[in-house]
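Trainee: Here's a structure for you.
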């Protein structure tokens, strides 16, 4: 049984992202959830279950309770996951499956993270998931290996490769300037990216996303219920989730220029949504640009660009706001920010608003948009989630 067009998003909300010294987790939860309530025309009494994405709970075992307590909900199930950067998407997909199963009629998916006032970076520092293989490994160091291998494999000089990913940073900063809720509002030039302090070669300061505080929320229902709540619900077309082994990059022959989880999660989502050619059938996408090289790699693993040809599309402006397939039109992780457990739902919030033609700044509204994709990539990395939605059934 296909769930395509059977489940819908009836409302969404998103907090301001950034260094939110003015609030705690509860405040962020309320900020996104009450926007979602108002958007959907529902209230706390209508929510039958809550699915929470949060990577770092302040006290073990209480992450779900934080959300329930903040929203004054009671006597309903709350289920939390901590699937790294994919936690928000996992909450969303779990909510979709819960409604599709018939167990619930109206549920909430919410992601939240408070990183900035803890002194704790989003993905740890100098330690990985294996004390044997990954001692002193960092996220920039790992993703930098993708860059150096990609440049070598496809015949790009370090200078050519660095300039290609610099254009991604410039694009996302330009888009972030148009996003009122984004963490960073600063346009940059290619020259500034190239001259920025090096973090892990070839990744400089402007090639790396920031850690942020934030929350995002979705109200999920059956399509028939959603149509009673609003005239313009957004329809679930498909999703895919895939987890590779914990340390895929330690396998002999691992290429560093492609990840099985990226290919599998996207292909599953395309199959469910009935998409044959994502380059032409996806109108707007939010992908996991934790680093600029990651976005470049995703272009190819998702079929947006031919293998080894992403640079040509970048140079041609194909992924720009007015290009053939706009990507990260709200600034992406790079500029909107990356509160780990909230990002998947924040990306979906942007797709939701784009599909409704209700973006908070009309200057970044994509024209003639009917289908959009949101995506997160986390772990070693070895976990990937893809979600596809549309504004019309069929």
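In my numbering, the protein residues as written are 1 to 394. Positions of the beta carbon are idealized from the N, C-alpha and C atoms, including for glycine. As the structure is a computational prediction, the values presented were derived from the model and not from experiment.
Using 10 angstroms around the beta-carbon of residue 270, count the other beta-carbons present and answer buried if the total reaches 16, otherwise exposed.
Mentor: The count along the chain shown starts at 1 and reaches residue 270 at position 270. Buried, since its Cβ has 16 or more Cβ neighbours within 10 Å.
Trainee: With a threshold of 7 Å on Cβ separation, who are the neighbours of residue 245 within its own chain once the five nearest residues in sequence on each side are excluded?
Mentor: One-based indexing of the chain shown puts residue 245 at position 245. 382.
Trainee: Taking all protein chains shown into account, do 16 or more other C-beta atoms lie within 10 angstroms of the C-beta of residue 75, making it buried, or fewer, making it exposed?
Mentor: Taking the chain shown and counting its residues from 1, the one referred to as residue 75 is at position 75. When all chains shown are included, residue 75 counts as exposed.
Trainee: Would you kindly report the start and end of the unbroken beta strand (DSSP E) that includes residue 237?
Mentor: To locate residue 237, count along the chain shown from 1; it is residue 237. Segment 234-243, the beta strand (DSSP E) holding residue 237.
Trainee: So what does residue 145 bridge to, in DSSP terms?
Mentor: As a working mapping, residue 145 is identified with position 145 in the chain shown. Paired residue(s): none; residue 145 is not in a bridge.
Trainee: Return the residue from the list 34, 53 and 105 that minimises the CA-CA distance to residue 71.
Mentor: Taking the first residue of the chain shown as 1, we reach residue 71 at position 71. The shortest C-alpha separation from residue 71 is found at 34.
Trainee: Enumerate in chain order the residues of its own chain whose CB-to-CB distance from residue 310 is below 6 Å, with the five nearest sequence positions on each side excluded.
Mentor: Here residue 310 is taken as the residue at index 310 of the chain shown, counted from 1. Here the set comprises 296, 299 and 300.
Trainee: May I have a chain-ordered list of the beta strand (DSSP E) segments no shorter than 3 residues that lie completely inside the segment 241-302?
Mentor: Counting whole runs of 3 or more residues, the segment 241-302 contains the beta strand (DSSP E) stretches 284-286.
Trainee: What residue range is occupied by the uninterrupted alpha helix (DSSP H) comprising residue 26?
Mentor: On the chain shown, residue 26 is found 26 positions in, with the first residue counted as 1. Start and end: 25-40.
Trainee: Quick one: Cα of residue 49 to Cα of residue 146, how far?
Mentor: Working through the chain shown from its first residue, we reach residue 49 at position 49. Working through the chain shown from its first residue, we reach residue 146 at position 146. Looking at the two C-alpha atoms, the distance is approximately 40 Å.
Trainee: Hey, how far is the Cα of residue 267 from the Cα of residue 68?
Mentor: For the purposes of this step, residue 267 is taken as residue 267 along the chain shown, with counting starting at 1. For the purposes of this step, residue 68 is taken as residue 68 along the chain shown, with counting starting at 1. Going by the C-alpha atoms only, they are around 35 Å apart.
Trainee: Go through its chain and collect everything with a Cβ distance to residue 363's Cβ below 8 Å, but skip five positions before and after it.
Mentor: For the purposes of this step, residue 363 is taken as the residue at position 363 of the chain shown. Excluding residues within five positions, the ones whose Cβ falls inside 8 Å are 178.
Trainee: Tell me residue 217's beta-bridge partners as DSSP assigns them.
Mentor: By one-based count along the chain shown, residue 217 stands at place 217. In DSSP, residue 217 forms a bridge with 13 and 110.
Trainee: Cβ of residue 162 within 8 Å of Cβ of residue 205?
Mentor: As a position in the chain shown, residue 162 is number 162, starting the count at 1. As a position in the chain shown, residue 205 is number 205, starting the count at 1. No, these two residues do not count as a Cβ contact at 8 Å.
Trainee: Would residue 291 and residue 140 qualify as a contact pair, given that the criterion is a beta-carbon distance under 8 Å?
Mentor: Counted from its first residue, the chain shown places residue 291 at position 291. Counted from its first residue, the chain shown places residue 140 at position 140. It is a contact, given that the beta carbons lie within the stated cut-off.
Trainee: My parser needs the beta strand (DSSP E) runs of 3 or more residues fully inside the segment 359-383; what are they?
Mentor: Qualifying beta strand (DSSP E) stretches, in chain order: 371-378.
Trainee: Taking just the CA atoms, how far does residue 215 sit from residue 21?
Mentor: Numbered from its first residue, the chain shown carries residue 21 at position 21. Numbered from its first residue, the chain shown carries residue 215 at position 215. Those two C-alpha atoms are separated by around 14 Å.
Trainee: Can you list, in chain order, the residues of its chain with a C-beta nearer than 6 Å to that of residue 285? Leave out the 5 residues immediately preceding and following it.
Mentor: Along the chain shown, one-based indexing puts residue 285 at 285. 327 and 373, listed in sequence order.
Trainee: Assuming residue 344 contacts residue 92 under a Cβ cut-off of 8 Å, what Cβ separation, rounded to an integer in Å, is found between them?
Mentor: Residue 344 sits at position 344 when you count from the first residue of the chain shown. Residue 92 sits at position 92 when you count from the first residue of the chain shown. Between residue 92 and residue 344 the Cβ distance is about 6 Å, and since that is below 8 Å, they are a contact.
Trainee: So, helix, strand or coil for residue 196, using DSSP?
Mentor: Indexing the chain shown from 1 puts residue 196 at position 196. Note: residue 196 maps to coil in three-state DSSP.
Trainee: Is it the case that the Cβ atoms of residue 25 and residue 112 are separated by a distance below 8 Å?
Mentor: Walking along the chain shown from the start, residue 25 turns up at place 25. Walking along the chain shown from the start, residue 112 turns up at place 112. It is a contact, given that the beta carbons lie within the stated cut-off.
Trainee: Any idea if residue 189 is buried or exposed, counting beta-carbon neighbours within 10 angstroms, 16 or more meaning buried?
Mentor: By 1-based counting over the chain shown, the position of residue 189 is 189. Classification for residue 189: exposed.
Trainee: Relative to the C-alpha of residue 95, which residue among 115, 318 and 53 is closest?
Mentor: Stepping through the chain shown from its first residue, residue 95 is reached at position 95. For residue 95, the nearest C-alpha among the options comes from 53.
Trainee: Can you list, in chain order, the residues of its chain whose CB lies under 6 Å from that of residue 28, leaving out five sequence neighbours each side?
Mentor: The residue given as residue 28 occupies position 28 in the chain shown. These residues qualify, in order along the chain: 15, 112 and 215.
Trainee: Under the three-state reduction of DSSP, which class applies to residue 99: helix, strand or coil?
Mentor: As a working note, residue 99 is residue 99 in the chain shown. Correct three-state label for residue 99: helix.
Trainee: Give me whichever residues DSSP pairs with residue 8 in a beta bridge.
Mentor: What you label residue 8 is simply residue 8 of the chain shown in a count that begins at 1. Note: residue 8 sits in a beta bridge opposite 221 and 235.
Trainee: Secondary structure at residue 209, three-state DSSP: helix, strand or coil?
Mentor: For the purposes of this step, residue 209 is taken as residue 209 along the chain shown, with counting starting at 1. DSSP places residue 209 in coil when its eight states are reduced to three.
Trainee: Evaluate residue 38 with the Cβ neighbour count: other Cβ atoms within 10 Å of its Cβ, from every protein chain shown; 16 or more gives buried, anything less gives exposed.
Mentor: Residue 38 sits at position 38 when you count from the first residue of the chain shown. When all chains shown are included, residue 38 counts as exposed.
Trainee: Does the segment 375-390 come close enough to the segment 258-267 that 3 or more CB-CB pairs lie under 8 Å?
Mentor: These segments touch.
Trainee: Since residue 356 and residue 275 should fall inside the 8 Å C-beta cutoff, what is the C-beta to C-beta distance between them, to a whole number of angstroms?
Mentor: Within the chain shown, the letter at position 356 stands for residue 356. Within the chain shown, the letter at position 275 stands for residue 275. Not a contact, Cβ separation roughly 21 Å.
Trainee: Could you please give the first and the last residue of the uninterrupted alpha helix (DSSP H) stretch that includes residue 81?
Mentor: To locate residue 81, count along the chain shown from 1; it is residue 81. Run containing residue 81: none in the alpha helix (DSSP H); it sits in the beta strand (DSSP E), 78-81.
Trainee: Would you kindly check if the distance between the Cβ of residue 230 and the Cβ of residue 40 is under 8 Å?
Mentor: Position 40 of the chain shown, counting from 1, holds the residue named residue 40. Position 230 of the chain shown, counting from 1, holds the residue named residue 230. Yes.
Trainee: Out of 239, 303, 324 and 331, state which residue places its alpha-carbon closest to the alpha-carbon of residue 368.
Mentor: Residue mapping note: residue 368 aligns to position 368 of the chain shown, counting from 1. Taking only the C-alpha atoms, the option nearest residue 368 is 324.
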